[in-house]
Amino acid sequence: MTYPLSTPQDPARAVPKERTTMTTSTGTPGTPGTPHIRHPDGRRVRPTGGQTRVLPVESPAQLCERLPLTYHAAHTVRTARHDAVRVLDGRDDRLLVIVGPCSVHDRAAALDYASRLRDAAAALADDLLVVMRVYVEKPRTCLGWPGLVGDPGLDGGADLGRGLAEARSLMLDIAESGLPVGCEWVNPATPAYLSDVVAWGSVGARTASSQVHRDMASGLPMPVGVKNGTDGSVQVAVDAVRAAAAPHTFLGASGAGPVSVLRTSGNPDCHVVLRGGTDGPNYGAAHVHRAAELLAGAGLPVRVVVDASHGNSGKQHERQRVVADDLAMRIADGDTTVRGLLLESFLVPGRQDAGAGRQLVFGQSVTDACIGWSGTAQLLRELAGAARARRASRPRHRRTADPGSAVLGTTPFLERT
1 MTYPLSTPQD
11 PARAVPKERT
21 TMTTSTGTPG
31 TPGTPHIRHP
41 DGRRVRPTGG
51 QTRVLPVESP
61 AQLCERLPLT
71 YHAAHTVRTA
81 RHDAVRVLDG
91 RDDRLLVIVG
101 PCSVHDRAAA
111 LDYASRLRDA
121 AAALADDLLV
131 VMRVYVEKPR
141 TCLGWPGLVG
151 DPGLDGGADL
161 GRGLAEARSL
171 MLDIAESGLP
181 VGCEWVNPAT
191 PAYLSDVVAW
201 GSVGARTASS
211 QVHRDMASGL
221 PMPVGVKNGT
231 DGSVQVAVDA
241 VRAAAAPHTF
251 LGASGAGPVS
261 VLRTSGNPDC
271 HVVLRGGTDG
281 PNYGAAHVHR
291 AAELLAGAGL
301 PVRVVVDASH
311 GNSGKQHERQ
321 RVVADDLAMR
331 IADGDTTVRG
341 LLLESFLVPG
351 RQDAGAGRQL
361 VFGQSVTDAC
371 IGWSGTAQLL
381 RELAGAARAR
391 RASRPRHRRT
401 ADPGSAVLGT
411 TPFLERT
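Below you can see the structure in the form of structure tokens.
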């Protein structure tokens with residue numbers, strides 16, 4: 001059966017008279033019957049001087065060419081990715097520790113912290129694989145500073161082109177020093193600019209159920225931790241890990257810049273991160289065991305990392321020590337289910353508010369409160385001791401060398417094709 005096309009005269013399709021007054025793109029009422037004048041892309045973008053404000057940025061390939069991945073930085077990234085996968089799989093008996101500021105806002109402070117962390121990581125390298133948190137995007141529950149990429153000036157200027165360049169430059173310098181970096185991927189376009197410099201990535205609690213982020217994770221060339229939902233649901237993270245392991249086809253940013261059809265082969269190195277939720281902490285042995293059961297039931301490798309902050313600390317930064325101490329005791333007693341730990345740490349403990357013209361404390365977080373450096377160094381030593389104690393009762397899993405020379409390129413994102 002065929003159906004006739006509706007016409008303006010069809011009673012059921014007629015536009016009510018009271019709805020015929022339209023609004024033009026400038027916001028002024030039109031006359032009855034005047035077609036609605038809209039911006040071609042139909043989006044709500046802020047007009048400036050009568051013109052739609054669309055600000056172009058350089059393509060990922062252009063930024064990567066301007067700020068290229070050096071040989072030493074590439075070697076750091078490649079080695080850390082390789083070792084992180086081995087730790088997560090249990091083939092390397094070290095503990096993966098992703099530690100650093102909740103977010104980076106000050107290049108000098110981040111490099112100061114990185115220098116200290118690099119030295120500590122080198123001293124503990126037999127027992128810990130240390131990755132620095134260099135979080136340059138921040139998901140917000142409602143509103144707030146969006147991170148270095150979104151607002152590098154901390155003034156609401158939203159110069160994303162500058163933010164991407166500053167983020168890449170900072171990550172490059174840290175990786176060049178020999179310390180691998182990790183970050184959360186918030187905007188699915190960002191990996192095209194930064195992913196070649198990142199050794200470990202994460203999908204946050206607010207985006208774990210997002211199909212867009214699952215698609216993105218399936219193409220990322222590094223291990224990706226997926227956090228449980230803000231409500232504490234671990235199943236959503238397990239589902240995301242399973243989805244990201246499969247191939248996907250989707251629209252996304254290519255190295256050249258234009259939106260393209262991207263095809264991925266899937267990311268087999270995703271894992272669950274337990275971060276607590278509105279229903280309380282989930283770092284305890286029973287919670288970890290339940291997460292392991294869910295992973296095994298889904299036919300996935302049992303890889304669990306614990307976030308000592310957020311819901312597991314009740315957003316009280318000093319309680320990260322309580323979480324870390326509990327995990328250290330279980331690891332020392334032989335627990336092998338927990339493969340890694342996330343810590344929020346900076347030079348100065350606590351947090352501060354940021355704003356235009358505000359004098360900031362050097363090395364203190366402008367987002368979530370962090371533990372200070374002295375407490376961080378002590379926790380790292382304790383975690384290393386726990387890994388050594390666990391090893392004493394088990395055969396040593398020999399670490400292997402870097403799987404090969406790093407390949408330098410200018411299109412970072414689509415390595416899993």
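When we follow full-length UniProt numbering, the leftmost residue of the sequence shown carries the number 1, and every step to the right adds one. Glycine residues also receive a C-beta, built at the ideal position from the N, C-alpha and C atoms. All figures in this text were calculated on a predicted structure; none of them were measured in a lab.
- Under the three-state reduction of DSSP output, T249 falls in the strand class.
- Taking the Cα positions, D93 is about 33 Å away from P68.
- Contact check between the region 267-280 and the region 227-244: three or more CB pairs, one atom from each, fall below 8 Å, which counts as touching.
- Cα atoms of M132 and A208: separation of roughly 22 Å, rounded to the nearest angstrom.
- The Cβ atoms of V288 and A308 lie no closer than 8 Å to each other.
- In the same chain as V136, and ignoring 5 residues on each side of it, the C-beta atoms closer than 7 Å to its own belong to V104, G147, L148, V149, A167 and C183, in chain order.
- Residue environment: Y193 is assigned as buried (16 or more neighbouring CB atoms within 10 Å of its CB, all protein chains considered).
- For R133, the uninterrupted beta strand (DSSP E) segment begins and ends at L128 to R133.
- DSSP links S103 through a beta bridge to no other residue.
- C370 has its alpha-carbon roughly 27 Å from the corresponding atom of H213.
- Take the alpha-carbon of R107 and the one of P101: they are about 12 Å apart.
- With fewer than three CB-CB distances shorter than 8 Å, the region 107-116 does not count as touching the region 386-394.
- Inclusion of V338 and V272 in the CB contact set at 8 Å is not warranted, their separation being larger than that value.
- The beta strand (DSSP E) runs of length 3 or more contained entirely in the region 312-387 are, from start to end of the chain, 338-344.
- R263 is bridged by DSSP to T249.
- Contact annotation: A256 and S59 have beta-carbon atoms nearer than 8 Å.
- L55 is positioned such that its CB atom lies no closer than 8 Å to that of L95.
- Bounds of any beta strand (DSSP E) do not take in D215; it lies within the alpha helix (DSSP H) bounded by Q211 to G219.
- In this structure, the beta-carbon distance from L172 to V197 falls below 8 Å.
- Selection L143, L327, A123 and L179 evaluated against V134 yields L179 as nearest (Cα-Cα).
- Within 10 angstroms of the beta-carbon of H72 lie fewer than 16 other beta-carbons, which makes it exposed.
- Its chain contains A199 and M222 as the residues whose beta carbon lies nearer than 6 Å to that of R81, once the 5 sequence neighbours on both sides are disregarded; these appear in chain order.
- With the rule of 3 Cβ pairs closer than 8 Å, the region 281-300 counts as touching the region 308-320.
- Take the alpha-carbon of V238 and the one of A298: they are about 8 Å apart.
- Annotated three-state conformation of D196 is helix, per DSSP.
- Your pair L342 and N267 does not check out as a contact, with CB atoms roughly 19 Å apart and the cut at 8 Å.
- Per the coordinates, the alpha-carbon of R118 lies some 34 Å from the alpha-carbon of S265.
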